[in-house]
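Input: a single structure, listed below in structure tokens.
There are 2 protein chains.
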Amino acid sequence: MERDEGSAPSPRRGRGRRAGVRSGDADTGMRILDAAERSFALHGFDGVTVRHIAKEAAVDTALVYYYFASKRDLFDQVFERRAAVVNRDRLASLEAYDLNPGPDGPTVEGVFYAFLAPVLRRAADGDPGWRAYFAILALVNNTPAWGGETMTRFFDPVIQRLAQSLRKVLPQVREDDLYWSYHFLSGALTLSLSMTGRIDRLSGGACESGDFDAINARLARFAAGGLLEVADRRG
Amino acid sequence: MERDEGSAPSPRRGRGRRAGVRSGDADTGMRILDAAERSFALHGFDGVTVRHIAKEAAVDTALVYYYFASKRDLFDQVFERRAAVVNRDRLASLEAYDLNPGPDGPTVEGVFYAFLAPVLRRAADGDPGWRAYFAILALVNNTPAWGGETMTRFFDPVIQRLAQSLRKVLPQVREDDLYWSYHFLSGALTLSLSMTGRIDRLSGGACESGDFDAINARLARFAAGGLLEVADRRG
DNA sequence: GTCTATAGCTTGATAGAC
DNA sequence: GTCTATCAAGCTATAGAC
Numbered sequence: 001m002e003r004d005e006g007s008a009p010s011p012r013r014g015r016g017r018r019a020g021v022r023s024g025d026a027d028t029g030m031r032i033l034d035a036a037e038r039s040f041a042l043h044g045f046d047g048v049t050v051r052h053i054a055k056e057a058a059v060d061t062a063l064v065y066y067y068f069a070s071k072r073d074l075f076d077q078v079f080e081r082r083a084a085v086v087n088r089d090r091l092a093s094l095e096a097y098d099l100n101p102g103p104d105g106p107t108v109e110g111v112f113y114a115f116l117a118p119v120l121r122r123a124a125d126g127d128p129g130w131r132a133y134f135a136i137l138a139l140v141n142n143t144p145a146w147g148g149e150t151m152t153r154f155f156d157p158v159i160q161r162l163a164q165s166l167r168k169v170l171p172q173v174r175e176d177d178l179y180w181s182y183h184f185l186s187g188a189l190t191l192s193l194s195m196t197g198r199i200d201r202l203s204g205g206a207c208e209s210g211d212f213d214a215i216n217a218r219l220a221r222f223a224a225g226g227l228l229e230v231a232d233r234r235g
Numbered sequence: 236m237e238r239d240e241g242s243a244p245s246p247r248r249g250r251g252r253r254a255g256v257r258s259g260d261a262d263t264g265m266r267i268l269d270a271a272e273r274s275f276a277l278h279g280f281d282g283v284t285v286r287h288i289a290k291e292a293a294v295d296t297a298l299v300y301y302y303f304a305s306k307r308d309l310f311d312q313v314f315e316r317r318a319a320v321v322n323r324d325r326l327a328s329l330e331a332y333d334l335n336p337g338p339d340g341p342t343v344e345g346v347f348y349a350f351l352a353p354v355l356r357r358a359a360d361g362d363p364g365w366r367a368y369f370a371i372l373a374l375v376n377n378t379p380a381w382g383g384e385t386m387t388r389f390f391d392p393v394i395q396r397l398a399q400s401l402r403k404v405l406p407q408v409r410e411d412d413l414y415w416s417y418h419f420l421s422g423a424l425t426l427s428l429s430m431t432g433r434i435d436r437l438s439g440g441a442c443e444s445g446d447f448d449a450i451n452a453r454l455a456r457f458a459a460g461g462l463l464e465v466a467d468r469r470g
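Order-wise, the sequence lines are chains A and B.
Per my numbering, residue 1 is the first one in the first sequence, and the count goes up by one each step.
Per my numbering, residue 236 is the first one in the second sequence, and the count goes up by one each step.
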């Protein structure tokens, strides 16, 4: 997969030598970031210790505090790293769909698909880093204490762009119907991204948690059918 | 609200006197359970200490271990207490709808409504205990490490009952479409139940996180539109 | 049933040698 | 940059007086 997750973390108090950055340095910070990502994904912020993350990254505990100011700072940088990529991809996808919606013109399903595809494609790729990140997203999205605020801060601009595209294909839609429908989609998406294995057991083998192609084939259509049904009642 | 959350917790090692259970006893265990519920809802299992729960319940820390074997046991009992009620209500609601679906016969939306209404009604009632419990549900549902297994263990029987009702009104539906659609609904529901306040900010005031009447007016319809759209593609 | 007191660990974080 | 060594605080859980 391409290396586009942003720039490497830099030591927070390395005031000394600037010249001659050795190759191992950036890698160490990245390894810590990756290990933190994997750990937080499985057990959440409080369920993981800095010691565990350090062990997972095969570095000393003290090194974590050389690269990151605190455990919370580490978590925030894990969260921010890929959020920027997601936002960039989604924005580009929505704009591309606006410019070229296909022969039959834009549809609600098409807009949702443009919004979802960048994320589901990365999940389908199977990259463990992205999959871990998506699990964190699901946890944050459902954490009352600070989840709502965090999701707002990082993702709302692109969601407003999505809302704008939806209003264009559905001009008569009510604002509350529009935002509640997005909210339902957000819950469906993040639960799907968290791969808890529940659907495997529930369906008796008919579905698999990690089958993102199956999700990609259904979720945009599901959300479109849902929004249209909710909005239709008004007419 | 009616007192139907199950029986009171009993001391785990009170081998001595059995006669003359004083009134304060059951209350203390319940107060601990309620305080734990509130605390876990906000910060999850690992984000809360037993000391904090004890303080919240206005009892000594040691008393928590008199009534519960461990922190984990306390969490499990919080989770189980209302799960039994939810299952009983949902089952009764689905069966009542089966027997009397209304003049136009059973519909997909009707089945979903019967499944959702018992939960959304309790949330709409505003009881803080139930609202806290639902927030815990959202967290568990999205926790990969043990969430999928826990949800399976407590809720799958009723979900299979829901699937059965859906197959009756939609005989040609594919198993994978059916279960994926339920999965999407599950994510939408639990995120809505967790009241993170995000939709308030996102919608600029058009929607409110705690407005469960608004959710009740939309979610069954949204899920029905979604499932029908997903299933329709096949025909 | 409720409290005091505390054992025994683990935690996040830092100081300082190299 | 990386390590050893460690601190102060907080943790779960228990023993034992009342």
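For every residue, glycine included, the Cβ atom is placed at its ideal position computed from N, Cα and C.
Please read all numbers here as calculations on a predicted model, not as lab measurements.
message: Assuming valine 140 of chain A is part of the alpha helix (DSSP H), what are its boundary residues?
response: If you number the first sequence from 1, residue 140 of chain A lands on position 140. Counting along the chain, the alpha helix (DSSP H) containing valine 140 of chain A begins and ends at 128–141.
message: Check whether chain A comes within 8 Å of serine 400 of chain B, counting only Cβ atoms and requiring the distance to be less than that.
response: Mapped onto the second sequence, residue 400 of chain B falls at position 165. Answer no: the Cβ-Cβ gap between serine 400 of chain B and chain A never drops below 8 Å.
query: Do you know whose CA, among A/Arg90, A/Gly105, A/Val48, lies nearest lysine 71 of chain A's CA?
result: As a working mapping, residue 71 of chain A is identified with position 71 in the first sequence. Checking every option, the nearest Cα to that of lysine 71 of chain A belongs to A/Val48.
field: Cβ of arginine 22 of chain A within 8 Å of any chain B Cβ
entry: Counting from 1 along the first sequence, the entry for residue 22 of chain A is found at position 22. Note on arginine 22 of chain A: pLDDT 42, under 50, position unreliable in the model; the coordinate value appears next. Not closer than 8 Å to any Cβ of chain B, the Cβ of arginine 22 of chain A fails to qualify, so no.
field: Min CB distance leucine 116 of chain A to chain B below 8 Å
entry: On the first sequence, position 116 is the one that residue 116 of chain A refers to. So, not an interface residue.
- request: Measure how close the beta-carbons of aspartate 435 of chain B and serine 421 of chain B come, nearest whole angstrom, since I'm counting them as under 8 Å.
  value: Here residue 435 of chain B is taken as the residue at index 200 of the second sequence, counted from 1. Here residue 421 of chain B is taken as the residue at index 186 of the second sequence, counted from 1. Wrong, their Cβ atoms sit about 23 Å apart, outside the cutoff.
- request: State buried or exposed for glycine 148 of chain A, treating a residue as buried only when at least 16 other CB atoms are found within 10 Å of its CB.
  value: Taking the first residue of the first sequence as position 1, residue 148 of chain A is located at position 148. Result: buried.
message: Does leucine 170 of chain A come out as helix, strand or coil in the three-state DSSP assignment?
response: Against the first sequence, residue 170 of chain A aligns to sequence position 170. Here leucine 170 of chain A sits in coil by DSSP.
- prompt: Which residues bound the alpha helix (DSSP H) around alanine 223 of chain A?
  reply: What you label residue 223 of chain A is simply residue 223 of the first sequence in a count that begins at 1. Taken as a continuous stretch (DSSP letters only), the alpha helix (DSSP H) holding alanine 223 of chain A covers 219–232.
query: Around the C-beta of threonine 61 of chain A, are 16 or more other C-beta atoms found within 10 angstroms, so that it is buried, or is it exposed?
result: Taking the first residue of the first sequence as position 1, residue 61 of chain A is located at position 61. With fewer than 16 other Cβ atoms within 10 Å, it is exposed.
message: Could you check whether the Cβ of arginine 121 of chain A sits closer than 8 Å to any Cβ belonging to chain B?
response: Taking the first residue of the first sequence as position 1, residue 121 of chain A is located at position 121. For arginine 121 of chain A, the answer is no, since every Cβ of chain B falls outside 8 Å of its Cβ.
Closer than 9 Å at the beta carbon, the chain A residues around glycine 279 of chain B: One-based indexing of the second sequence puts residue 279 of chain B at position 44. Here the neighbours are Gly44, Phe45, Asp46, Gly47, Leu139, Thr143, Ala145.
query: Roughly how many angstroms lie between the CA atoms of proline 9 of chain A and methionine 30 of chain A, to the nearest whole one?
result: For the purposes of this step, residue 9 of chain A is identified with residue 9 of the first sequence, where counting begins at 1. For the purposes of this step, residue 30 of chain A is identified with residue 30 of the first sequence, where counting begins at 1. Their Cα atoms are separated by approximately 7 Å.
- prompt: Would you call the CB atoms of tyrosine 179 of chain A and cysteine 442 of chain B closer than 8 Å?
  reply: The residue given as residue 179 of chain A occupies position 179 in the first sequence. The residue given as residue 442 of chain B occupies position 207 in the second sequence. Their beta carbons are under 8 Å apart, which means tyrosine 179 of chain A touches cysteine 442 of chain B by this criterion.
message: Please tell me whether arginine 111 of chain A and valine 50 of chain A are closer than 8 Å, where the distance is taken between their beta carbons.
response: Indexing the first sequence from 1 puts residue 111 of chain A at position 111. Indexing the first sequence from 1 puts residue 50 of chain A at position 50. The identity of residue 111 of chain A in the sequence shown is valine, whereas the question assumes arginine. Not in contact: valine 111 of chain A and valine 50 of chain A (Cβ atoms no closer than 8 Å).
message: When you compare the segment 315–333 of chain B with the segment 374–393 of chain B, are there three or more beta-carbon pairs, one atom per stretch, that lie closer than 8 Å?
response: yes
message: Less than 8 Å between the C-beta atoms of alanine 458 of chain B and serine 416 of chain B, yes or no?
response: One-based indexing of the second sequence puts residue 458 of chain B at position 223. One-based indexing of the second sequence puts residue 416 of chain B at position 181. Yes, these two residues count as a Cβ contact at 8 Å.
Interface residues of the segment 220–231 of chain A facing chain B [CB-CB below 8 Å]: Arg221, Phe222, Ala223, Ala224, Gly225, Gly226, Leu227, Leu228, Glu229, Val230
message: Just to confirm the assignment, what range does the alpha helix (DSSP H) spanning glycine 110 of chain A have?
response: For the purposes of this step, residue 110 of chain A is identified with residue 110 of the first sequence, where counting begins at 1. Element bounds for glycine 110 of chain A: 108–125.
message: Would you say threonine 387 of chain B lies against chain A (beta-carbon separation less than 8 Å)?
response: Along the second sequence, one-based indexing puts residue 387 of chain B at 152. Cβ-Cβ to chain A under 8 Å: yes for threonine 387 of chain B.
query: How long is the line joining the alpha carbons of threonine 378 of chain B and threonine 263 of chain B, rounded to whole angstroms?
result: Start at 1 with the first residue of the second sequence, and residue 378 of chain B comes out as number 143. Start at 1 with the first residue of the second sequence, and residue 263 of chain B comes out as number 28. Each residue's Cα considered, the two are about 30 Å apart.
- prompt: Given a limit of 9 Å on CB to CB distance, which residues of the segment 395–420 of chain B reach chain A?
  reply: Gln395, Ala398, Arg409, Glu410, Asp411, Asp412, Leu413, Tyr414, Trp415, Ser416, Tyr417, His418, Phe419, Leu420
query: For the candidate residues B/Leu372, B/Glu291, B/Gly461, B/Tyr301, whose alpha-carbon lies nearest to that of serine 427 of chain B?
result: Sequence index remark: in the second sequence, residue 427 of chain B carries index 192 (1-based). Serine 427 of chain B has its Cα closest to that of B/Leu372, out of B/Leu372, B/Glu291, B/Gly461, B/Tyr301.
query: Leaving out the 5 sequence neighbours to the left and right, which residues in its chain are closer than 6 Å to tryptophan 365 of chain B when beta-carbon positions are compared?
result: Mapped onto the second sequence, residue 365 of chain B falls at position 130. Same-chain partners within the cutoff: Arg357.
query: What does aspartate 391 of chain B reach in chain A if we use C-beta pairs closer than 8 Å?
result: As a working mapping, residue 391 of chain B is identified with position 156 in the second sequence. Those within 8 Å of aspartate 391 of chain B in chain A are Arg201, Leu202.
- prompt: Among B/Asn322, B/Ala380, B/Val343, B/Glu410, which residue has its Cα nearest to the Cα of phenylalanine 389 of chain B?
  reply: Residue mapping note: residue 389 of chain B aligns to position 154 of the second sequence, counting from 1. Measuring from the Cα of phenylalanine 389 of chain B, the nearest candidate turns out to be B/Asn322.
query: So, is serine 203 of chain A buried or exposed, given that buried needs 16 or more other C-beta atoms within 10 angstroms?
result: Sequence index remark: in the first sequence, residue 203 of chain A carries index 203 (1-based). Serine 203 of chain A is buried by the Cβ-count criterion.
Within chain A, partners of serine 274 of chain B - CB distance below 7 Å: Here the question's residue 274 of chain B lines up with position 39 in the second sequence. Neighbours of serine 274 of chain B on chain A: none; closest Cβ ~11 Å, over 7 Å.
- prompt: Quick one: what does DSSP say tryptophan 381 of chain B is sitting in, helix, strand or coil?
  reply: For the purposes of this step, residue 381 of chain B is taken as the residue at position 146 of the second sequence. Three-state DSSP puts tryptophan 381 of chain B in coil, outside helix and strand.
message: Strictly under 8 Å for the Cβ-Cβ distance: is leucine 94 of chain A near chain B by that measure?
response: For the purposes of this step, residue 94 of chain A is identified with residue 94 of the first sequence, where counting begins at 1. False, the Cβ-Cβ gap to chain B never drops below 8 Å.
query: Does DSSP put glutamate 281 of chain A in a helix, a strand or coil?
result: The first residue shown for chain A is 1 and the last is 235, placing residue 281 of chain A beyond what the model contains.
Spatial distance of alanine 236 of chain A from phenylalanine 75 of chain A (CA atoms): Since the first residue shown for chain A is 1 and the last is 235, residue 236 of chain A is missing from the structure and cannot be characterised.
task: Please confirm if leucine 426 of chain B has its CB atom under 8 Å from at least one CB of chain A.
output: Taking the second sequence and counting its residues from 1, one reaches residue 426 of chain B at position 191. Output row for leucine 426 of chain B: interface = yes.
message: Give me the chain A residues within the contact set of alanine 449 of chain B, using Cβ-Cβ distance strictly less than 8 Å, ordered along the chain.
response: Taking the second sequence and counting its residues from 1, the one referred to as residue 449 of chain B is at position 214. Chain A residues near alanine 449 of chain B: Asp176, Trp180.
- prompt: Cβ of glycine 210 of chain A versus every heavy atom of the ligand GTP: is any distance shorter than 7 Å?
  reply: The ligand GTP is absent from the structure shown, which contains no ligands of any kind.
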